Amino acid sequence: MTPEELSTAISACLRDAVAAGQISVDVPESVRVERPKSRDHGDWATNIALQLGKKASMNPRDFAQVLATRLADADGVAKVEIAGPGFLNITLEAGAAGELARSIVEAGAAYGTNEALVGHEINMEFVSANPTGPLHIGHTRWAALGDSIARVLKASGANVTSEYYINDAGNQMNIFALSVYNRLHGLPVPEGGYPGGYIKELADAVADAHPDIRNLTAEAALPIVRHAAYVAQMADIKETLNDFGVEFDVFFSEQELHAGGAVEDAVARLREQGHIDDTDGAVWLRTTDFGDDKDRVLIRANGEPTYFAADAAYYLSKKDRGFTEKIYLLGADHHGYVNRLKAIAAAAGDDPKVNIEVLIGQLISVNGARLSKRAGNIIELRDLVNWLGADALRYSLGRYPADSPMTIDPELLKKNTNDNPVFYVQYAHARSRAASRNAVEKGVERTDFDATLLTHETENDLLAALGQFPSVVAQAATHREPHRVARHLELLAGAYHSWYAACRVTPVGDGTVEPIHRTRLWLNDATTQVLANGLDLLGVSAPEKM
RNA sequence: GCCCUCGUAGCUCAGGGGAUAGAGCGUCCGCCUCCGGAGCGGAAGGUCGAAGGUUCGAAUCCUUUCGAGGGCACCA
Numbered sequence: 002m003t004p005e006e007l008s009t010a011i012s013a014c015l016r017d018a019v020a021a022g023q024i025s026v027d028v029p030e031s032v033r034v035e036r037p038k039s040r041d042h043g044d045w046a047t048n049i050a051l052q053l054g055k056k057a058s059m060n061p062r063d064f065a066q067v068l069a070t071r072l073a074d075a076d077g078v079a080k081v082e083i084a085g086p087g088f089l090n091i092t093l094e095a096g097a098a099g100e101l102a103r104s105i106v107e108a109g110a111a112y113g114t115n116e117a118l119v120g121h122e123i124n125m126e127f128v129s130a131n132p133t134g135p136l137h138i139g140h141t142r143w144a145a146l147g148d149s150i151a152r153v154l155k156a157s158g159a160n161v162t163s164e165y166y167i168n169d170a171g172n173q174m175n176i177f178a179l180s181v182y183n184r185l186h187g188l189p190v191p192e193g194g195y196p197g198g199y200i201k202e203l204a205d206a207v208a209d210a211h212p213d214i215r216n217l218t219a220e221a222a223l224p225i226v227r228h229a230a231y232v233a234q235m236a237d238i239k240e241t242l243n244d245f246g247v248e249f250d251v252f253f254s255e256q257e258l259h260a261g262g263a264v265e266d267a268v269a270r271l272r273e274q275g276h277i278d279d280t281d282g283a284v285w286l287r288t289t290d291f292g293d294d295k296d297r298v299l300i301r302a303n304g305e306p307t308y309f310a311a312d313a314a315y316y317l318s319k320k321d322r323g324f325t326e327k328i329y330l331l332g333a334d335h336h337g338y339v340n341r342l343k344a345i346a347a348a349a350g351d352d353p354k355v356n357i358e359v360l361i362g363q364l365i366s367v368n369g370a371r372l373s374k375r376a377g378n379i380i381e382l383r384d385l386v387n388w389l390g391a392d393a394l395r396y397s398l399g400r401y402p403a404d405s406p407m408t409i410d411p412e413l414l415k416k417n418t419n420d421n422p423v424f425y426v427q428y429a430h431a432r433s434r435a436a437s438r439n440a441v442e443k444g445v446e447r448t449d450f451d452a453t454l455l456t457h458e459t460e461n462d463l464l465a466a467l468g469q470f471p472s473v474v475a476q477a478a479t480h481r482e483p484h485r486v487a488r489h490l491e492l493l494a495g496a497y498h499s500w501y502a503a504c505r506v507t508p509v510g511d512g513t514v515e516p517i518h519r520t521r522l523w524l525n526d527a528t529t530q531v532l533a534n535g536l537d538l539l540g541v542s543a544p545e546k547m
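Spelled out as structure tokens, the structure:
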């Protein structure tokens, strides 16, 4: 019996009790069951009686008694006890939990997928770094997190498109082009330009593609430089993301938005909706109608659209493409945009509480210093991957929630990789594979399976951790918090190691192979599967050997 | 000035109304003649920034306050 099945059984008991007139209360769709901290409290516990007791106008213990009596008769439930103010402590029948090991092995890579978000059409936008330089440490967290969020959303049944918005329009691209142009001619970095060493590499790439570039006038050369440098830079960004295991379905160009007239269309559509003001020669979106603290300019008095106008057009594009939920993953330095982005959604006729979701994450600091690509002292994502390894980096970033401020000490990570829990989890996977290979070699095979043999307390704990996995994935998806998966994998790895120390899959020495060994091989392989499935959600490899 | 996020063990951080607040690292004590010791078992270490409030019950929710980071453009 899995925790989900137990939860379902409890809901059924509640409904039956209502039908029988024993209690009068609205039965929630799902009941949360928790693994109690103390083993004395049984296999699973729920505080549902405490939560519903008051609503049912009953003493929580009396409420618990009604529920306990019914639940004790459910299949797979051995014992139900009422504790404290009205906790229900549930003990399962021997073997009721063990069946899970076989079903996980049979489900394979599909174990953990769930239907929590079936029917959701989600656009997941993240990274969206300007194509004016390499991805750096500031993008690293969003790349890892956004990709993992997309993965847990998909695993929970949502239809997800991962998207990268390329800010390839606007003045910063001109400055970028001028920076490369100056470099080609050995001129100093322009005012406010990009000084990084990568500018030289881009200049070389431009010169390779256009050998005569230095002979052209600035007027003729700049558009060519701009485009060639942009192409080279985007190729570099895509390669870096690929090496980091981050996949995008769509790279969306802001430039094409402008070129295709989408920005003008967006302004016209918002005007039709009645949210446009023409003041001081500029065109304004009245975002204050929707909770923003001031109105925002869409078209400047000089006729140029603002960045915000492109944002509006981009939002409408997402809406037109059928996405009901548009998720933006932004750094804390962008939190000022949240209200106006939501205002766009509202002005477009969407519900800002449902159709748009802006996740704001805290920035990473490195040794207390915040690095800037404009300052030229960047730490590149590519270098971090080469330095620490994609697995360690993905995992260490993926195991913290987005709004948790993080301090990474590269020196510490570099010199002592054992600090990183990724090794604990990967090691558990590699160890379980070794145990399995060894068992097969000694003649232990997954032929028969007898769940009632899995009685050791470490087996109880291990099965519980395995059983919770699908609901952990579902919660990670609904909360957009993949770190829950990472934390659960650490719990699972710990349960596995404890079990491994106490229970043998392979008989000692020349001992005969018993049903218990074969049954344990199922449990071992089920653990392998869940570790691999969970690591995949985090974009981390599951090694056969380490 | 206004707004957002965050203050939990020596360090990095989980937990976000329920039972004795957790993990990793670090420190200390045990455990390889048998499936991977990158492991296991145990110990020490906490007024959950502070003060009020709501509740049967608060690290968790509310208010105030202190501290850290970030944001408040006809920039992108």
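Take any residue in the first sequence, count from 1 to its spot, add 1: that is its number in the working numbering.
No residue lacks a Cβ here, since even glycine has one placed at the ideal position from N, Cα and C.
These numbers were taken from a predicted model, which means no experiment stands behind them.
Selection Arg103, Asp169, Ala110 evaluated against Thr520 yields Arg103 as nearest (Cα-Cα).
Going by C-alpha positions, Thr325 is about 33 Å away from Gln530. Runs of the beta strand (DSSP E) lying entirely within the stretch 44-83, each at least 3 residues long, are 45-47 in chain order. In this structure Ser433 is buried. Its beta-carbon is surrounded by 16 or more other beta-carbon atoms within 10 angstroms. The Cβ atoms of Arg287 and Asp294 lie no closer than 8 Å to each other. Fully contained in the stretch 280-334 are the following alpha helix (DSSP H) runs of length 4 or more, in chain order: 308-321. Burial state of Ser157 is buried, judged by a 10 Å Cβ sphere holding 16 or more other Cβ atoms.
Look at Val441 here: in three-state DSSP terms it is helix. By DSSP's assignment, Ile123 forms a beta bridge with Val161, Glu326. Put simply, the stretch 138-147 does not touch the stretch 223-236. Fewer than three CB pairs are less than 8 Å apart. In this structure, Ala333 places its C-beta atom within 8 Å of the C-beta atom of Gly362. Taking 8 Å as the cut-off, the beta carbon of Ala206 is found no closer than this to the beta carbon of Glu255. Ser163 is the residue among Ser163, Glu442, Ser12, Arg36 whose C-alpha sits nearest the C-alpha of Glu122. The Cβ atoms of Pro483 and Val153 sit closer than 8 Å to each other. In the DSSP assignment, Glu192 falls outside any beta strand (DSSP E) and carries neither an H nor an E. Leaving aside the five residues that flank Ile277 on each side, the residues in its chain whose CB is nearer than 8 Å to its CB run, in chain order, Val268, Leu271, Val284, Trp285, Leu286, Arg287, Leu299. For the pair of segments examined, the stretch 106-115 was found not to touch the stretch 214-223: the number of CB pairs separated by less than 8 Å stays below three. Taken atom to atom, the span from the alpha-carbon of Asn131 to that of Glu240 is near 15 Å. Taking the Cβ atoms as the reference, Leu89 lies roughly 29 Å from Leu118, outside the contact range of under 8 Å. For Leu89, the three-state secondary structure derived from DSSP is strand. Annotation: Ala314 to Ile167 spans about 14 Å, alpha carbon to alpha carbon. Using a Cβ-Cβ distance cut-off of 8 Å, the stretch 42-49 and the stretch 90-99 are in contact, since at least three pairs of beta carbons, one from each stretch, lie closer than that value. Residue nearest to Gly323 within the set Leu51, Met125, Ala65 is Met125 (criterion: CA-CA distance). Annotation for Lys55: Pro61 place their beta carbon closer than 8 Å to its own, counting only its chain and skipping 5 residues before and after. By the Cβ criterion, the stretch 423-430 is in contact with the stretch 526-542, since at least three pairs of Cβ atoms, one from each stretch, lie closer than 8 Å.
Within the model, the alpha-carbon separation for Pro306 versus Asn243 is close to 33 Å. By the CB criterion at 8 Å, Gly193 and Ile379 fall outside the cutoff.
For Glu358, the enclosing beta strand (DSSP E) covers residues 357-362.
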